[in-house]
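Student: Residue numbers for the sequence shown follow the UniProt record's numbering, so the first one is 1 and each next one is one higher.
Just passing along the structure, written as structure tokens.
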Amino acid sequence: MDNTTKKKATRSSLACLPCRSRHIKCDGNKPSCTRCIEAAKKCDYTRSRRGGLDREALAERRKRLAAANSISDQTPSSIQESHNSISEDVSNNYGSLLDAVEEAFIAPALSHTINIEDDGLVDSYYDNFHNFHPFLLPRRYMVKLYRDPNRQSSLAPLIATMRFVGHIYSSQEWDMELKNHLEDCFRETSPTDPVIVQSRLLYSVALFWYDYKTEAVSQIEAATRLAIDLGMFRREFATAHGAGDPVLEECWRRTWWMLYILEVCYAGTLGTKTFKAVNIEATVDLPCEELEYESGDIPVPKTLQEFDCREFATEEATSFSSFAYLIDAVRCAVLAMSTKPALPVKEDSLRIMQTADSALDGWLLLLPKDRKQIMNKTGEIDELMFQAHLLIHVATVSLHRPLSDLKFNSVESISSCARDPPSNTPTPELVNIHTVRVLRSVEAQVRLLTLPVRKFAHTPFTTCMVSEGSKVAVSTGTGNTPDTGEVLVLSAGEEQYEIGAFDIVPLESIDDLCGFYNLPSLDFNV
């Protein structure tokens, strides 16, 4: 072994702009640092403000000195000597002053004016999260909007939040510096700017799935209050704030509806029934297809009233987007769950089947043929329809299980998505119908989860919805009752699919399921 003491590597005082914007260490190599070479990115450095002056700057300096000399002819020599001395001292110490403040001020300032066209964290956001909840502008339209200097300050909190989420996916860690920076951006932006609604909504998702539930709820509630105060739920809002840009108008429509959807997702995961956006009578139009949104070819938007009358419309008028069907799935689930009593009794059996099932079955029966297949010929999944189908089946399980023959198992209490089991619910006469309804919905969930996709990644909210089916499997004995830590496996035809483990496990172990990462010190219940 070599006992020679190695010289400790010194930290480079020079960092390129891409490394600064990402708040990572840079070796300062020129013309390109090692990180930029490895990432095949353009490497630029801030031009030195401490070196010699070029010809243009030197000429400008001579003009200022000439002007100063003309004034000094009329002033006492003592004042002029003092002025020259101070100027010389400031000039000599300017370089050291910059060294002292560079780390404290320059890097944060750059994050306000980063080049999002070539930012790895923004890329990570769009590559890993945007398709699951596509309410922000498509990438190229966000870049175009951010080029406007008048827009950059108002967009700062949104860009900071996007980069924060992108960092979670790319680095698999919670970055406190990025978190603190985005919260600073919130404080520096007008609290009534509509962009704050988008920023808080996105931030709440990151908080929620890192187990900062209280903070997440606080953020989405603040976003909802502001959205309601601004009238974002009204049709006129998109036009008034769209600056004549159809893509931006579509973005505002999507923001309201995503707020609506995520409010229900939070309520379902936390077991609450406190709604604000859901109880608003919205007149905002429905979102268009994803391909139309990405291309910028925005059609005349359809209304909620047109959607509700789709079974009576012509074939051309019945074409609605996947986003619209997801919105309606949420509406149907909320309507169905509103019929569920806190403590179901035998008499509730028929009423649930007549009222709740009509809403859930109606959604499935009115699906056009192309919406029943959520995977296209190239193997790509329609993520929004995936969520919609999964939500309908989760609502079905939740409604029918208390009245079914599928008893609750004590092992289920380990799950963070578990609810208190009903206390000795009397067996209804139609118990077999309730049981079959639950089992068919669980089977449908498994079919969704076993679709042969190359990269199994979905919205983080998939995790809790999947747990509903896996808990039922414990009761049916499909996987038998596992000991704590034993993996539960459901059958899907001749294949088997691993749902999860009924134990406290790090979220990294199921990151392929939801595509989101947790802190190593945090645990997540499946």
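Cβ atoms here follow ideal geometry from the backbone N, Cα and C, with glycine treated the same way.
Keep in mind that this is a model prediction, so the values were computed, not measured.
Assuming Tyr252 contacts Pro287 (C-beta within less than 8 Å), just tell me the rounded distance between them.
Tutor: The amino acid occupying residue 252 in the given sequence is Trp; Tyr does not appear at that position. With a Cβ gap of about 10 Å, Trp252 and Pro287 do not count as contacting.
Student: If we ignore side chains and look at the alpha-carbon of each, how far apart do Leu360 and Lys276 end up?
Tutor: Distance between the alpha carbons of Leu360 and Lys276 is about 22 Å.
Student: If you drop the 5 nearest sequence neighbours on each side, which residues of the same chain put their C-beta closer than 7 Å to that of Ala329?
Tutor: These residues qualify, in order along the chain: Trp363, Ala388, Leu391 and Ile392.
Student: Three-state secondary structure (DSSP) at Met232?
Tutor: Three-state result, Met232: coil.
Student: Of all the beta strand (DSSP E) runs that stay within the bounds of the segment 133-160, which reach a length of 3 or more residues?
Tutor: Runs found: none.
Student: Note down the Cα distance separating Met162 from Gln198, rounded to an integer number of angstroms.
Tutor: Roughly 10 Å between the two C-alpha positions.
Student: Go through its chain and collect everything with a Cβ distance to Arg437's Cβ below 7 Å, but skip five positions before and after it.
Tutor: Closer than 7 Å at the Cβ level, and outside the excluded window around Arg437, lie Thr396 and His400.
Student: Residues in its own chain within less than 8 Å of Gln219 by CB, not counting five upstream and five downstream?
Tutor: Result list for Gln219: Arg200, Leu201, Tyr203, Ser204 and Leu207, in chain order.
Student: Answer yes or no: do Leu326 and Ile261 have a C-beta to C-beta separation smaller than 8 Å?
Tutor: Contact: yes.
Student: Do His130 and Pro194 have their C-beta atoms within less than 8 Å of each other?
Tutor: Against a cut-off of 8 Å, the Cβ pair of Pro194 and His130 comes out as no contact.
Student: Does the Cβ-Cβ distance between Ser322 and Glu294 come in under 8 Å?
Tutor: Cβ distance not < 8 Å, so Ser322 and Glu294 don't count as in contact.
Student: Grouping DSSP H, G and I as helix and E and B as strand, with all else coil, what is Ala381?
Tutor: At residue 381 the sequence reads Ile, which differs from the Ala that was named. In the structure shown, Ile381 sits in a strand (DSSP, three-state: E or B).
Student: Per the contact definition of three or more C-beta pairs closer than 8 Å, is the segment 302-315 in contact with the segment 431-450?
Tutor: No: the two stretches stay apart, fewer than three of their Cβ pairs being nearer than 8 Å.
Student: I'd like to know whether the C-beta of Thr303 is nearer than 8 Å to at least one C-beta of chain D.
Tutor: Absent from the structure: chain D. Only one protein chain is present.
Student: If you check the beta carbons only, do Leu158 and Arg151 fall under 8 Å apart?
Tutor: No, they are not a contact pair.
Student: With a 10 Å radius around its C-beta and 16 neighbouring C-beta atoms as the bar for buried, classify Asp119 as buried or exposed.
Tutor: By the neighbour-count rule (16 or more Cβ atoms within 10 Å), Asp119 is buried.
Student: Anyone know if the C-beta pair for Ile374 and Val453 falls short of 8 Å?
Tutor: Not in contact: Ile374 and Val453 (Cβ atoms no closer than 8 Å).
Student: From Ile504 to Ala243, what distance separates their C-alpha atoms?
Tutor: Legend: pLDDT at Ile504 = 29, less than 50; position of this residue unreliable, value from coordinates given subsequently. Each residue's alpha carbon lies about 49 Å from the other.
Student: Can you tell which of Pro191, Leu14 and Ala457 has the C-alpha that lies nearest to the C-alpha of Glu169?
Tutor: Correcting the residue identity first, residue 169 is Tyr in this sequence and not Glu. Nearest option by C-alpha distance: Ala457.
Student: Keeping to the same chain, check which residues put their C-beta closer than 8 Å to that of Met385; ignore five residues upstream and five downstream.
Tutor: The answer, listed in chain order, is Ser322, Tyr325, Leu326, Arg371 and Ile374.
Student: Have a look at Ile196 and Asp229 and give me their C-alpha separation to the nearest angstrom.
Tutor: Distance between the alpha carbons of Ile196 and Asp229: 13 Å.
Student: Quick check on Met176: buried or exposed, where buried means 16 or more other Cβ atoms within 10 Å of its Cβ?
Tutor: Exposed: under 16 other Cβ atoms inside 10 Å.
Student: To the nearest angstrom, report how far apart Phe237 and Ile280 are at their CA atoms.
Tutor: C-alpha separation (whole angstroms): 15 Å.
Student: My guess is that Leu137 and Val247 are in contact by the Cβ rule of under 8 Å, so how many angstroms apart are they, rounded?
Tutor: Right, the Cβ-Cβ distance comes to about 7 Å (below 8 Å), so this counts as a contact.
Student: Going by C-alpha distance, which of Phe135, Leu178 and Arg234 is nearest Ile24?
Tutor: The option with the nearest alpha carbon to Ile24 is Leu178.
Student: Find out if the Cβ-Cβ distance for the pair Cys19, Pro31 is shorter than 8 Å.
Tutor: The answer is no: Cβ separation not under 8 Å.
Student: For Trp252, report the span of its alpha helix (DSSP H) as first-last.
Tutor: Taken as a continuous stretch (DSSP letters only), the alpha helix (DSSP H) holding Trp252 covers Pro246 to Leu270.
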